[in-house]
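As structure tokens, the structure follows; a few thoughts come after it.
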Amino acid sequence: MSMACATGRHDKHDVYAAQCPCRGVLDLLASKWTALVIGALEEGPQRFGELQRRLEGVSPKVLTQTLRRLEESGFVDRTVYPAVPLHVEYELTDLGFGVAEPLAALRGWVERNLDDIHRV
-17 MSMACATGRH DKHDVYAAQC PCRGVLDLLA SKWTALVIGA LEEGPQRFGE
33 LQRRLEGVSP KVLTQTLRRL EESGFVDRTV YPAVPLHVEY ELTDLGFGVA
83 EPLAALRGWV ERNLDDIHRV
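Residue numbers (this note's numbering): -17 to 102.
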């Protein structure tokens, strides 16, 4: 079992262990809205309204929650520009770009194989 040290870091991570913080990150990254937000932000910094239009079907509440969780986890930066009205942009961090590639592969796999997936 992994043990947290004084720095709050673990000496060993095991996503299969019930208490491992990896599970929270996996939960965040496995969300369809996370995969879509990160994919949209690969195109560059975007404002909330731009993201909402790009991600057809996402509610403002869910988009806000997703962006907040991504920001708290270090995948997304939120920049507020002092203007009237306020101008807020979201963009991927280095960590966000790091996870963008495997999520892009997953999105592509789903699109390529959708017709072969047996849906109930």
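For every residue, glycine included, the Cβ atom is placed at its ideal position computed from N, Cα and C.
Quick one: grab the DSSP three-state call for residue i.
{"i": "Gln47", "result": "helix"}
{"i": "Asp59", "result": "strand"}
{"i": "Phe30", "result": "helix"}
{"i": "Glu38", "result": "coil"}
Is the beta carbon of residue i less than 8 Å from the beta carbon of residue j?
{"i": "Leu10", "j": "Thr16", "result": "yes"}
{"i": "Leu33", "j": "Tyr72", "result": "yes"}
{"i": "Thr46", "j": "Ser13", "result": "no"}
{"i": "Gly90", "j": "Val58", "result": "no"}
{"i": "Arg29", "j": "Val92", "result": "no"}
Output the boundary residues of the alpha helix (DSSP H) element that contains residue i.
{"i": "Val19", "result": "Lys14 to Leu23"}
{"i": "Val109", "result": "Since the first residue shown for the chain is -17 and the last is 102, residue 109 is missing from the structure and cannot be characterised."}
{"i": "Cys4", "result": "Cys4 to Leu11"}
Check: Is it a yes or a no for the segment 13 to 31 touching the segment 73 to 82, going by three-plus beta-carbon pairs under 8 Å?
Finding: In short, these stretches touch, since the Cβ pair count reaches three.
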